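These notes concern the structure reproduced below.
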Amino acid sequence: MRTAASVRATKLTCKETIRLICEYLDGRLSPGVASELRMHLDDCQNCRMVLDAAQKTLATYFHSYPPPAPAAKARVA
Ligand SMILES: [Zn+2]
Numbered sequence: 002m003r004t005a006a007s008v009r010a011t012k013l014t015c016k017e018t019i020r021l022i023c024e025y026l027d028g029r030l031s032p033g034v035a036s037e038l039r040m041h042l043d044d045c046q047n048c049r050m051v052l053d054a055a056q057k058t059l060a061t062y063f064h065s066y067p068p069p070a071p072a073a074k075a076r077v078a
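This is the structure in structure tokens:
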């Protein structure tokens, strides 16, 4: 028995997520992909740790590298 809610058309794997993190930090992801990425990060502590480490690395390189905007909340209309 499967519920529709548990089936997501585009579910990122950890591998894909980690590969996308660089582009995410660069602001190069399309909004749709970025939101998939954040959805995965919500669920997956491992990938959050990778993101965190990547941000720290970037911060080290660029010193004042601005952190990615906090997940743009769905616009409050
Ligand atoms: Zn993951």
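Residue numbers (this note's numbering): 2 to 78. Here a beta-carbon is modelled for each residue, glycine too, at the ideal position from N, C-alpha and C. Just so it is clear, the structure is predicted and the values come from calculations on it, not from any experiment.
Thr61 and Lys12 have their C-alpha atoms some 31 Å from each other. Pairing Thr18 with Leu38 gives a Cβ-Cβ distance under 8 Å.
The three-state reading of DSSP puts Cys45 in coil, since its state is none of H, G, I, E or B. With a cutoff of 8 Å on beta-carbon distance, Leu26 and Gln56 are scored as near each other.
The three-state secondary structure of Asp27, taken from DSSP, is coil.
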